[in-house]
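Step one of this worksheet: look at the structure below.
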Amino acid sequence: MSTMDEIVDARRINAEVAANQQRLRAAVARPGALGARATSGDGTVVVEAGPGGALRSVTLSPEALRQGGQRLAQTVLAVANQASAKANQRTQYAMRAAVGADAAGELDRLGLGFDPRLAEDEDAETARRGW
-6 MSTMDEIVDA RRINAEVAAN QQRLRAAVAR PGALGARATS GDGTVVVEAG PGGALRSVTL
54 SPEALRQGGQ RLAQTVLAVA NQASAKANQR TQYAMRAAVG ADAAGELDRL GLGFDPRLAE
114 DEDAETARRG W
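Heads up, the sequence shown is in the working numbering, so the first residue is -6 and it goes up one at a time.
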C-alpha cells in the first residue's frame, strides 16, 4: 500500500470514529435513554436503575413496608433486577445504533447484558423503536 493510500485510509477511519462518537453522544444525551423504571405487580415497590444495575431510586409504599422483611427484600430485588435489565437493554440499543450491532458482545463483557424476559414490556418496545 502506498503512503497516499495509507493517508486516505487513516482519514476514512478517523471520519468513521468521529461519526460513531457523535451518534453515541446523541444517543446518550436523550432524556431517560440509559435509565429505566420497574414497578412491582402490586404497585408497592418502584425502582429506577441505570446501566449496569446502578440504583437511582427505590420507592416503597406504606403497604410494601407491611409485607415483612423477607418478602419486601425479595420484591425489591426482583424489581431492581427488572429495572436493571431494562436499563441495560436501552443501553445496548443506544450503543448498537451508534456503533453497530457488533457492540452487543462487548457490552455483555462490560456487565451490560440483560435477560430479555425481565426487560420486555411496553417501555422496552418503545426504547427499541426509538433507536
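Idealized CB from N, CA, C, for every residue including glycine.
Opposing strand residues paired with residue i [DSSP bridges]
i     : result
Arg16 : Paired residue(s): none; Arg16 is not in a bridge.
Glu41 : Arg30, Ser50
Which of helix, strand or coil DSSP assigns to residue i
i       : result
Glu99   : helix
Asp(-5) : As written in the sequence, residue -5 is Ser, which differs from the Asp given in the question. Ser(-5) falls in the coil class under three-state DSSP.
Leu65   : helix
Ala47   : coil
Ala117  : With a pLDDT of only 48 at Ala117, under the threshold of 50, the placement of this residue in the model should not be trusted; the figure read from the coordinates follows. Helix.
Gln125  : In this structure the chain extends from -6 to 124, so residue 125 is not present and cannot be described.
Leu70   : helix
Asp2    : helix
Rounded straight-line distance, which links the Cα of residue j to that of residue i
i      : j       : result
Trp124 : Ala91   : Note that Trp124 has pLDDT 40, beneath the 50 cutoff, so the model's placement of it is unreliable and no number is given.
Ala11  : Glu(-1) : 18 angstroms
Ala117 : Arg59   : Bear in mind that the predicted position of Ala117 carries a pLDDT of just 48, short of 50, making it too unreliable to give a figure here.
Thr52  : Asp2    : 53 angstroms
Arg4   : Asp108  : 39 angstroms
Asp101 : Ala57   : 33 angstroms
Asn7   : Gly93   : 16 angstroms
Leu65  : Val40   : 13 angstroms
Gln63  : Asp35   : 17 angstroms
Ser33  : Gln67   : 11 angstroms
Phe15  : Gly61   : For clarity, residue 15 is Gln in the given sequence; the question names Phe instead. Rounded to whole angstroms, Gln15 to Gly61 spans 48 angstroms at the Cα level.
Ala19  : Arg89   : 13 angstroms
Glu99  : Ala87   : 13 angstroms
7 angstroms Cβ cutoff met for residue i and residue j
i     : j     : result
Ala42 : Ser77 : yes
Ala29 : Lys79 : yes
Leu27 : Thr84 : yes
Thr37 : Ser50 : no
Ala31 : Val69 : no
Asn13 : Pro44 : no
Minimum Cβ-Cβ distance from residue i to chain D less than 7 angstroms
i     : result
Leu65 : Although the question refers to chain D, the structure presented lacks it and comprises just one protein chain.
Residues of its chain near residue i, where Cβ-Cβ distance is below 7 angstroms and the 5 sequence neighbours each way are ignored
i     : result
Asn74 : Leu111
Close Cβ partners of residue i (< 6 angstroms) along its chain, the five nearest in sequence each way excluded
i      : result
Gly106 : none
Own chain partners of residue i with C-beta closer than 8 angstroms, once the 5 adjacent residues on each side are dropped
i    : result
Glu9 : none
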